[in-house]
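Chains as they are written, first to last, in UniProt numbering: chain F, 1 to 424; chain V, 1 to 457. Heads up, the beta-carbon is just placed ideally off N, CA and C, and yes, glycines get one too.
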Amino acid sequence: MASRTAISRGILRRSSTFGVRSVASWWKNVDPAPKDPILGVTEAFLADPSPDKVNVGVGAYRDDNGKPVVLECVREAESKIAGNLNMEYLPMGGSMKMVEETLKLAYGENSDLIKEKRIAAVQALSGTGACRLFADFQKRFHPDSQIYIPVPTWANHHNIWRDAQVPQRTFHYYHPESKGLDFASLMDDVKNAPSGSFFLLHACAHNPTGVDPSEEQWREISYQFKVNGHFAFFDMAYQGFASGDPERDAKSIRIFLEDGHLIGCAQSYAKNMGLYGQRVGCLSVLCEDETQAVVVKSQLQQIARPMYSNPPVHGALIVSTILSDPDLKNLWLKEVKVMADRIIGMRTALRENIEKLGSSLSWEHITNQIGMFCYSGLTPEQVDRLTNEFHIYLTRNGRISMAGVTTGNVGYLANAIHEVSQSA
Amino acid sequence: MRQQFQLPGAHSSAIDRRLSALVRHLGDSSASSMESQNPNQTIYASVTASFNGDSVFSNIVRAPEDPILGVTVAFNKDPSPIKLNLGVGAYRTEEGKPLVLNVVRRAEQLIVNDRSRVKEYLPITGLADFNKFSAKLIFGADSPAIQGNRVATVQCLSGTGSLRVGAEFLARHYHQRLIYIPLPTWGNHPKIFATAGLSVKTYRYYDPATRGLNFQGLLEDLGSAPSGAVVLLHACAHNPTGVDPTLEQWEQIRQLMRSKGLLPFFDSAYQGFASGSLDADAQPVRMFVADGGECLAAQSYAKNMGLYGERVGALSIVCKTTDVASRVESQLKLVIRPMYSSPPIHGASIVATILKDRDMYNEWTVELKAMADRIISMRKQLFDALRARGTPGDWSHIIKQIGMFTFTGLNSEQVAFMTNEYHIYMTSDGRISMAGLSSKTVPHLVDAIHAAVTRVV
């Protein structure tokens, strides 16, 4: 050991004289990347010293004190897990136990599709990872296909399919005048898309608008998809979080399944189990039969292997511990409902507060929309005023994260919104 | 067709084109058959109707098992009581059990019991403390690059994730999209680089005749590489061969690479695991940083902290200036965000907890050395036992090679024989994981090797 150190010291001395100081950096032409529009909001918020500041930017749940929440069911699961199990590699497809429980949430507790093993499913790195696996899979096996993405959508959707090199098209979704769904144009776009097109659909609690199709509208969309032979890919990041009832929030998916569609689905536990940083999710692809499901799963694994080999175990263990224990599962369902109810309560409070200030505008969209986000209808300039004058942080598309609204700040927020919107 | 799809990345773009053409052809034929079924017909949707159309993915063929992870799959299926898994490089105790380090358990308890800790999203670049301490671990706390604030470090999903993020960055921002990898190398390397969009070539590394390093071949191949090409270097404990250059050889490699403007990309998956010393195992990386040049380094905590399934690692890019490092970091975020948004928090929290605390850090180094020492002792036992048995051949490479793996020199027929007759599971290139051996199982392995060498050629 001593002689090795002496040798290495000698070499280090020599190497600094045979240096490369004269060579320029390989990276001098690298441009600074633009800040992520969503995560950049929190950075700016954190840097603001004002005591009145409010963060209604990123979609992470806060309690009525504005504090992040770790669910009790998660704490209990974690104390069960810590110290008991090893940390060996999961298989490439992840924790099968977690995946099985997760499929039940999306496809139904007693789904025949699960019993018949027709679903190819792998653990993924939360919703982002599930979408990316699917996008790469779509590129590999339908290299000439495109993805139809709603306008607007979560900004990262565009990045995901772009990096997977799948060309994007858009379909109408949000109707700015009514701050609701532009159903007629949506249906036109679905009808006019070439047969067999791939569509990205938000299963519930559309991000960023909070505008969801009604059950009737979902049935019509499903029917039209059948007529056109389109492929439906559902991004479900808010199951349980929208209405408070996971079964109800999965209605859109169940409608498509009843109609016989062979869907794809991305599921995330970031919000509904508060497991944000653990990166737990699932990608599933419904196939014709068990044989095909095995084949598709094997190919999904091939995409995961050169990306991260196998997914992280901790978050998956938390999920499977909770969902496979009836008491913990019930606790979770209660806690999800509490979170959803608080959000719904804040929507009512915000709307009422603004209306009480005598606004001449309509604010019913605040309570019509659902889930974590409210698409306020505020313009980027109005948003800038909210930030610069009132220290209220949100994304420039006017999206308010209702999770950041509390009984403590709803009055202040209502007042500020009223101020910037009445001088439109 | 299926066979070819698995070749290393040098061929993959051609293979992908051929496969794409095949899929398109099949896709076209199924689309036309759908159209012929009267597109104007109203489809009646009922609750009980089942969908009669084909899956859009019905033309997909099943992917072959991953050659390394597939070994464990096969092992698990085997009902034999004497089966031995020498496939995947995961450490096992003398009792053949997986090991969670005591210091890791301690760190985990601290984290779990700390009610003030939350599990919010990490920043895209990961846990800041983790990044800081990881860079110090590989480059040395007194590293001029760290002092000079010119290292961009991002938390990634273990070694695989760090390599992939680095490769994607190179494919987008580096002027040379060519990477040289040693022959042989870890099976996942070519796939990672090819998928990221780099072209992959190899440089000679292993010499089957000596079961050591083909140093001349290495120098010749790197010497004839085009200026600016990226070169993948295993920082220590080369996987799968266990053959490492000496420090003098590393110095020659460094001089050659710098003179040709070749960009080093280190894969450090075994720091501390090879010799038992974290600093000694990092010497090759530090030599390159000391000369003031740039490089990339992928780190994994899978083996040296036993955090396999938590997927903890880091990618560092050593840059010329602080300003460059900051711009590089911003671009790394653009690679990461559309892949998984931000990395998982749990494993990185454990690592940061340990690296930050002097007592825990020391405890870790002791447990790490114990693992490395057990491996070294297994090498000796296996070597001695083969010699005592009189098994034909020179087996000294077993004790000359370093790290978790031994490249036995057995061919794929011999390996298949050992699996079928002796229930010994290893990769078909003859690589065995010494971590999977114990004093109790050495005799069984010796029997198998002896039989393979004498009965199968």
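| request: Using a Cβ-Cβ cut-off of less than 7 Å, list which residues of the stretch 256-276 of chain F approach chain V; keep chain order. | output: Listed by position, the residues of the stretch 256-276 of chain F near chain V (Cβ gap below 7 Å) are E258, D259, G260, H261, L262, G274, L275 and Y276.
| task | Could you have a look at Q382 (chain F) and say whether DSSP puts it in helix, strand or coil? | result | Residue 382 (chain F) sits at position 382 when you count from the first residue of the first sequence. Q382 (chain F) falls in the helix class under three-state DSSP.
| query | If the cut is a Cβ gap below 9 Å, which residues of chain F does T160 (chain V) touch? | reply | The count along the second sequence starts at 1 and reaches residue 160 (chain V) at position 160. Those within 9 Å of T160 (chain V) in chain F are R305, P306, M307, Y308, S309 and N310.
| Contacts around R305 (chain F), its chain only, beta-carbon distance under 8 Å, and the 5 residues preceding and following it disregarded | Along the first sequence, read from residue 1 onward, the residue named residue 305 (chain F) stands at position 305. Hits under 8 Å: M92.
| message | In this structure, how does DSSP classify N85 (chain V) when only helix, strand and coil are distinguished? | response | Numbered from its first residue, the second sequence carries residue 85 (chain V) at position 85. In this structure, N85 (chain V) counts as strand in the three-state DSSP scheme.
| request: Taking Q168 (chain F) as the query, report the chain V residues whose CB atoms sit under 8 Å from its CB, ordered along the chain. | output: On the first sequence, position 168 is the one that residue 168 (chain F) refers to. Those within 8 Å of Q168 (chain F) in chain V number zero; the least Cβ separation is about 12 Å.
| Where S199 (chain V) sits in the DSSP three-state scheme | Taking the second sequence and counting its residues from 1, the one referred to as residue 199 (chain V) is at position 199. Strand.
| Member of V:T321, V:G272, V:D129 and V:R286 whose CA lies at the smallest distance from the CA of K356 (chain V) | Working through the second sequence from its first residue, we reach residue 356 (chain V) at position 356. Checked all of V:T321, V:G272, V:D129 and V:R286; the closest Cα to K356 (chain V) is V:D129.
| request: Look up Q267 (chain F) in the DSSP assignment and give the residues it is bridged to. | output: The residue given as residue 267 (chain F) occupies position 267 in the first sequence. Per DSSP, F:M236 and F:C282.
| In three-state DSSP terms, what is Q299 (chain V)? | For the purposes of this step, residue 299 (chain V) is taken as residue 299 along the second sequence, with counting starting at 1. Looking at Q299 (chain V) - three-state DSSP - the assignment turns out to be strand.
| With a cut-off of 9 Å, does the C-beta of K260 (chain V) fall near any C-beta of chain F? | Position 260 of the second sequence, counted from the start, is the residue given in the question as residue 260 (chain V). With 9 Å as the cut-off, K260 (chain V) does not count as an interface residue toward chain F.
| Using the beta-carbon of each residue, which ones in chain C are nearer than 7 Å to H173 (chain V)? | Among the protein chains of the structure shown, namely F and V, there is no chain C.
| message | Strictly by DSSP, which residues pair up with F153 (chain V)? | response | Locating residue 153 (chain V) in the second sequence gives position 153, where the first residue counts as 1. For clarity, residue 153 (chain V) is Thr in the given sequence; the question names Phe instead. T153 (chain V) pairs with V:S316.
| query | alpha helix (DSSP H) containing F225 (chain F): first to last residue? | reply | For the purposes of this step, residue 225 (chain F) is identified with residue 225 of the first sequence, where counting begins at 1. Residues E215 to N228.
| field | chain F contacts from the stretch 309-330 of chain V (Cβ-Cβ distance under 7 Å) | value | Against chain F - using a Cβ distance shorter than 7 Å - the residues of the stretch 309-330 of chain V are G309, E310, R311, C319, K320, T321, V324, R327, V328 and S330.
| Between A237 (chain V) and the rest of its own chain, which residues show a CB-CB distance below 8 Å, the 5 nearest in sequence each way excluded? | Within the second sequence, numbered from 1, the residue matching residue 237 (chain V) stands at position 237. Counting only residues of its own chain and dropping the five nearest sequence neighbours on each side, A237 (chain V) has a CB closer than 8 Å to the CB of D244, A269, Y270, F273, A274, D281, I402, G403, M404 and F405.
| request: Kindly list, in the order they appear in chain V, the residues whose Cβ is closer than 8 Å to that of M92 (chain F). | output: As a first step, residue 92 (chain F) must be located in the first sequence, where it is residue number 92. Ordered by position in chain V, the residues that pass the 8 Å Cβ test against M92 (chain F) are D66 and L69.
| Should K97 (chain V) go down as buried or exposed, given a rule of 16 or more other Cβ atoms within 10 Å for buried? | Taking the second sequence and counting its residues from 1, the one referred to as residue 97 (chain V) is at position 97. K97 (chain V) comes out exposed.
| message | In whole angstroms, give me the CA-to-CA distance for Y148 (chain F) and S178 (chain F). | response | The count along the first sequence starts at 1 and reaches residue 148 (chain F) at position 148. The count along the first sequence starts at 1 and reaches residue 178 (chain F) at position 178. Taking the CA atoms as reference points, Y148 (chain F) sits about 23 Å from S178 (chain F).
| First and last residue of the beta strand (DSSP E) that includes S433 (chain V)? | As a first step, residue 433 (chain V) is located in the second sequence; it is residue number 433 there, counting from the start. Counting along the chain, the unbroken beta strand (DSSP E) around S433 (chain V) starts and ends at R431 to S433.
| query | At a Cβ threshold of 9 Å, is P68 (chain F) touching chain V? | reply | The residue you call residue 68 (chain F) lines up with position 68 of the first sequence. Interface residue, yes.
| What does DSSP give as the partner residues of T406 (chain V) in its beta bridges? | Mapped onto the second sequence, residue 406 (chain V) falls at position 406. DSSP, once it has assigned bridges, lists V:I432 as partnering T406 (chain V).
| said: What are the residues in the stretch 362-394 of chain V lying within 8 Å of chain F by C-beta distance? | reply: none
| query | Would you call the stretch 155-175 of chain F and the stretch 130-138 of chain F in contact, with 3 or more CB pairs under 8 Å? | reply | yes
| message | Would G276 (chain V) and K400 (chain V) qualify as a contact pair, given that the criterion is a beta-carbon distance under 9 Å? | response | Reading the second sequence from its first residue, position 276 is the one you call residue 276 (chain V). Reading the second sequence from its first residue, position 400 is the one you call residue 400 (chain V). No, the Cβ-Cβ distance between G276 (chain V) and K400 (chain V) is not below 9 Å.
| Cβ neighbours of Q301 (chain F) in the same chain (closer than 6 Å, five flanking residues each side left out) | Residue 301 (chain F) sits at position 301 when you count from the first residue of the first sequence. For Q301 (chain F), where only same-chain residues beyond five positions count, the Cβ hits under 6 Å are M92 and G93.
| Which of helix, strand or coil does DSSP assign to S330 (chain V)? | Numbered from its first residue, the second sequence carries residue 330 (chain V) at position 330. If DSSP states are grouped into helix, strand and coil, S330 (chain V) belongs with the helices.
| Given I400 (chain F), which residues of its chain have a CB within under 6 Å of its CB, disregarding the five upstream and five downstream residues? | Locating residue 400 (chain F) in the first sequence gives position 400, where the first residue counts as 1. The residues are V56, C374, S376 and L394.
| message | For the beta strand (DSSP E) containing A263 (chain V), name the first residue and the last one. | response | Working through the second sequence from its first residue, we reach residue 263 (chain V) at position 263. The displayed chain sequence assigns Leu, not Ala, to residue 263 (chain V). Its beta strand (DSSP E) spans residues L263 to S268.
| query | Do you know offhand how far Y180 (chain V)'s Cα is from T391 (chain V)'s? | reply | Residue numbering aside, residue 180 (chain V) sits at position 180 when the second sequence is read from its first letter. Residue numbering aside, residue 391 (chain V) sits at position 391 when the second sequence is read from its first letter. Cα-Cα distance, rounded: 37 Å.
| query | With distances taken between CB atoms, is the gap from L213 (chain V) to P264 (chain V) smaller than 9 Å? | reply | Reading the second sequence from its first residue, position 213 is the one you call residue 213 (chain V). Reading the second sequence from its first residue, position 264 is the one you call residue 264 (chain V). Taking 9 Å as the Cβ cut-off, L213 (chain V) and P264 (chain V) do not qualify as a contacting pair.
| message | Check whether chain F comes within 9 Å of P264 (chain V), counting only Cβ atoms and requiring the distance to be less than that. | response | Walking along the second sequence from the start, residue 264 (chain V) turns up at place 264. No, because no Cβ of chain F sits closer than 9 Å to the Cβ of P264 (chain V).
| request: In angstroms with no decimal places, state the Cα-to-Cα distance between T365 (chain V) and D394 (chain V). | output: Here residue 365 (chain V) refers to the residue found at position 365 when the second sequence is read from its first residue. Here residue 394 (chain V) refers to the residue found at position 394 when the second sequence is read from its first residue. The alpha-carbon atoms of T365 (chain V) and D394 (chain V) are separated by roughly 34 Å.
| message | Considering only the alpha carbon of each residue, which of F:E419, F:H202, F:I322 and F:K329 lies closest to I370 (chain F)? | response | The count along the first sequence starts at 1 and reaches residue 370 (chain F) at position 370. That would be F:H202, whose Cα lies nearest to the Cα of I370 (chain F).
| Run through DSSP, which three-state label would V69 (chain F) get? | Start at 1 with the first residue of the first sequence, and residue 69 (chain F) comes out as number 69. Residue state, collapsed to three classes: coil.
| query | Any idea what DSSP makes of G127 (chain F), helix, strand or coil? | reply | The residue labelled residue 127 (chain F) in the question sits at position 127 within the first sequence. Reduced to three states, the DSSP call for G127 (chain F) is helix.
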